[in-house]
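Enquirer: My structure is below; once you've seen it, I'll send some questions.
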Amino acid sequence: MEMGDRPQCSDECREALRRLGALLDGELGEVTEAKLQQHLAECEPCTDRRDFEEGFRDLVRRGCTDQAPPHLRARILSQLDETVTG
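Set out below in structure tokens:
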């Protein structure tokens with residue numbers, strides 16, 4: 220069961236956990252980030268989840284040092300472009 224599914228979690232916790240990835244990616248607006256940071260300052264379970272996510276991302280970043288071959292990267296970017304432009 221995910222933390223956001225626990226009965227003791229508030230709607231605010233569910234919203235915080237939903238936005239956690241965007242926070243860690245630096246994709247939130249200033250006001251939204253401030254509200255989320257305030258929630259994290261007051262909510263230990265959500266802070267624990269953020270800390271876990273940060274640690275996991277760091278572990279992946281350190282463990283994945285190989286780069287994709289240029290032809291694979293080009294193919295992926297081409298497919299992404301086709302998906303975006305239709």
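Using this note's numbering, the first residue of the sequence shown is number 220, and each one after it goes up by one.
We treat Cβ as the ideally placed atom computed from N, Cα and C, and that holds for glycine.
1) Between the C-alpha atoms of Ser297 and Leu255, what's the straight-line distance to the nearest angstrom?
2) Find out if the Cβ-Cβ distance for the pair Arg268, Leu239 is shorter than 8 Å.
3) Does the segment 276-296 come close enough to the segment 258-268 that 3 or more CB-CB pairs lie under 8 Å?
4) Taking all protein chains shown into account, decide if Leu236 is buried (16 or more other Cβ within 10 angstroms of its Cβ) or exposed.
5) Report all residues from its chain with a CB closer than 7 Å to the CB of Ala253; omit the five preceding and five following residues, and keep chain order.
6) Who are the near neighbours of Asp270 in its chain, counting only those whose CB is closer than 7 Å to its CB and skipping five residues on each side?
7) Restricting to Cα atoms, I'd like to know which of Glu231, Glu234 and Glu273 is closest to Asp244.
Expert: Looking at the coordinates:
1) Locating residue 297 in the sequence shown gives position 78, counting from the first residue. Locating residue 255 in the sequence shown gives position 36, counting from the first residue. Taking the straight line joining both Cα atoms gives about 35 Å.
2) Taking the sequence shown and counting its residues from 1, the one referred to as residue 268 is at position 49. Taking the sequence shown and counting its residues from 1, the one referred to as residue 239 is at position 20. Cβ atoms of Arg268 and Leu239: closer than 8 Å.
3) The segment 258-268 makes no contact with the segment 276-296: fewer than 3 CB pairs, one atom from each, lie closer than 8 Å.
4) Mapped onto the sequence shown, residue 236 falls at position 17. Label assigned to Leu236: buried.
5) In the sequence shown, the residue the question calls residue 253 occupies position 34. Once the five neighbours on either side are set aside, Ala253 has no close Cβ partner at all.
6) For this step, residue 270 is matched to residue 51 along the sequence shown. Result list for Asp270: empty, nothing under 7 Å.
7) Within the sequence shown, residue 244 is the residue found at index 25, counting from 1. The candidate whose alpha carbon is nearest that of Asp244 is Glu273.
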